[in-house]
Amino acid sequence: MDESSLAIDYVVFVLLICASTSVAVYGRLSGPKERTKADYVFAASSSVSVIAMMLSVARGFLGVRVFLGYPSELFYRGSGMWETLYGMTIAFPIVCFVFVPVYYSLGITSVYQYLDLRFKSRLVRCLASGTYVVRSLLNLGVTVFTPCVALKTVIGLPYWASIASIIAIAIFFTVMGGLRTAIMADVAQLLVMMACSLIIIFQGLIQNGGVTNVVNISYERGRLDFFNWDTDPTKRVTTYSALIGQLFMSLSIFGCQQNFVQRYCSMKSRRKVYKTLLGNVPIMTVLFSLSWIVGMVVFASYADCDPKKLGHISDIDEILPFYIEDKFYFLPGFLGLIMASLFNGALNLCVSNLNSVSTVLWEDFFSQIPSLKGLSDRKQIILIKVIGAISGLTVLGFACLVALLSGVVESSLLVTSATSGPLLGVFLLAMLFPIANWKGAATGMIISHISVLWITFNGFAIEKPEVPLLPTTIDGCTNTTFSPHIRPLVKETSFYLNSTAHQQTVNPYVAPTFHERDFLELLFSITYMYYSFLGTIITIVLGVIISYLTRSEDDIYDEKLIHPWARSVSALFPGKKRTYLSSSEQSINTTATTIIPSICEKVPEKMKSSKATES
């Protein structure tokens, strides 16, 4: 890229970062003040619309990886991962009608308080919340580092500068704004990314002969290959693994993860929560599909001339930035807009997750320290902000470590895949299995973690074939394939066209067939798409068995902690009926109010009383 275009992109990038920061600060200073912990944690004093919450939830799930990762996925591996959409969309109504009815009326600040109330066990609660905190911090390190690669590649911004900038602004927003700032930033960021995607799609359709031609090129070259019903569990992704694996992963994220449940409880009524979750089905479908359509457009442009084979890019994830640099040279500043969007995307995710992590650390760990009990809301807010800032510095360390040691990325992925199942399993145990007690829940979680990690690490130890890339070609490369401002390679293009140096010369490792493997080898070779499913099943099965063997008269709790459907079904089975707290004993609402002020149900009353006081 020529120096003038690079300068314009850099200026646009800096101006947009400054503008987004200024808008967020203005919104925070001009908006409602934080009078209580609920105002900071749940944005209770502000009116967050259903549409804004829908977009925020979608943005929180899709993240930066969608914009950069899925176009390259379709270009080099095809549309297999597109089918994970099935599991995502099915998860929303399940969360809506299974998880929310139990959560919403409890008045809890941390979702893991529910496990404490249900099992009367600090151990189960700390296992779940600790898992969430570790996973979130590791993933935030990767999230922060991801756009830094693009920023260094395109703009030349050093890793340390972009990482430090994202963390510094994220800590500032965490201290300033609470959840409301994160929600509104998510909405604005998502709209910008949608607009950029649409611009890329429209321009690509014009350059490549319209919708029909783009679709035909992707289909004829094997990029649109849906409904792969192969039952081999070792295949990276099939229709079965996409549906089952992503369903359990999405249930764990939307139903058991603090930053999402925190958003549900920030809404004024359960009806609005239902609208938000069910409304996310079409929204998520559209947003998820946009990136894949971008991938189709990019592939149509380079179907006969792969930039990676020519050496213009070294990694498959660089294909979209290269495409923008190549095809949008006539639009100075557009690449800077894309880079600013990636930067802001990582920033927004960091802010919202730091808010959730600091809340969980306070409620589940620090608030239980005797010297910190009984503090006023104001002091609790200050401590939560301090914890959030310290967590941000921890993420800074993880992100810098990712820049030095690539293995941390794999470690983060291992933590995510290994913890989703146990988390989901323990919540399903609590809600749907009246027989479950703390002994079964804790044992199930611990053994599930160990089992999935054992499978994962042994899977890396055995010899497996690399994930194959779909064939690409450079046979159609011409002098007009790339824009004139793309710098030519040092080697002559004819060298690539007339040689076979770019082709593989080493025979790749061929894995044994499904029937040739023994049980352990098959188990270790299973695709990571099934890790959440395995972890959930192990937790539930062991939890029920251990609970049955260790049941006692002390396993008594309020029936409101069990889903009504589960209570109705359990009454149909023979044997001794489950004992619940009687109506004359302390109810769950009283218990929750004693531990933490009931926030979700009292939001409207608090707002009314505060308005009356002001008047």
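Per this note's numbering, residue 1 is the first one in the sequence shown, and the count goes up by one each step.
Here a beta-carbon is modelled for each residue, glycine too, at the ideal position from N, C-alpha and C.
This structure is a prediction, so every number in the text was calculated from the model and none was measured.
Item                                                                                                                : Value
Residue 340 vs residue 17 beta-carbon contact at 8 Å                                                                : yes
Every unbroken alpha helix (DSSP H) inside the segment 186-224 [4 residues or more]                                 : 211-220
Stretch pair the segment 94-107 + the segment 350-370: three plus CB contacts closer than 8 Å                       : no
Beta-carbon spacing of residue 439, residue 546 below 8 Å                                                           : yes
Closest residue to residue 444 among 475, 375, 538 and 247 (Cα-Cα distance)                                         : 538
Residue 238 - DSSP class collapsed to helix/strand/coil                                                             : coil
Three-state class that DSSP yields for residue 380 in the structure shown                                           : helix
Sequence ranges, alpha helix (DSSP H) only - wholly within the segment 316-398, length at least 4                   : 319-327 and 334-364
Assumed close pair residue 278, residue 93 - CB separation to whole angstroms, cut-off 8 Å                          : 6 Å
Residue 392 versus residue 140: straight-line alpha-carbon distance, rounded                                        : 9 Å
Where the alpha helix (DSSP H) through residue 292 begins and ends                                                  : 270-302
Counted within 10 angstroms of its Cβ, other Cβ atoms place residue 558 as buried (16 or more) or exposed           : buried
Residue 112 - DSSP class collapsed to helix/strand/coil                                                             : coil
Selected residue, minimal CA-CA separation from residue 550, among 332, 436, 270 and 254                            : 436
8 Å contact criterion, which residue 284 and residue 89 should meet: CB distance rounded                            : 7 Å
contact_flag[the segment 109-119, the segment 423-431] where n(CB pairs < 8 Å) is 3 or more                         : yes
At least 3 beta-carbon pairs within less than 8 Å: the segment 235-251 vs the segment 65-85                         : yes
Within 8 Å, strictly: CB atoms of residue 320 and residue 71                                                        : yes
Touch test, the segment 340-353 against the segment 366-377, Cβ-Cβ under 8 Å, three pairs minimum                   : no
Cβ pair residue 251, residue 91 closer than 8 Å                                                                     : yes
With 16 other Cβ atoms within 10 Å as the buried cut-off, status of residue 434                                     : buried
Helix, strand or coil at residue 120 [DSSP, three-state]                                                            : coil
Residue 294 and residue 201 closer than 8 Å at C-beta                                                               : yes
Status (buried if at least 16 other CB within 10 Å, exposed otherwise) for residue 483                              : exposed
Reference residue 220, options 19, 194, 79 and 402, closest by Cα                                                   : 79
Residues near residue 385 by beta carbon distance below 6 Å, same chain, minus five either side                     : 175
Cα-Cα separation between residue 352 and residue 552, rounded to whole angstroms                                    : 41 Å
Sequence-distant residues of the same chain with beta carbon closer than 7 Å to residue 335, five excluded per side : 9, 154, 324, 325 and 328
Local Cβ density within 10 Å of residue 274, reported as buried at 16 or more and exposed below that                : buried
Proximity to residue 96 [Cα-Cα], best of 270, 227, 173 and 164                                                      : 270
Closest Cα partner of residue 214 within the set 172, 299 and 67                                                    : 299
Distance between beta carbons of residue 144 and residue 163, contact taken as under 8 Å                            : 6 Å
Three-state secondary structure assigned by DSSP to residue 445                                                     : helix
Closest residue to residue 619 among 454, 532, 343 and 167 (Cα-Cα distance)                                         : With the chain covering 1 to 615 only, the question about residue 619 has no answer from this structure.
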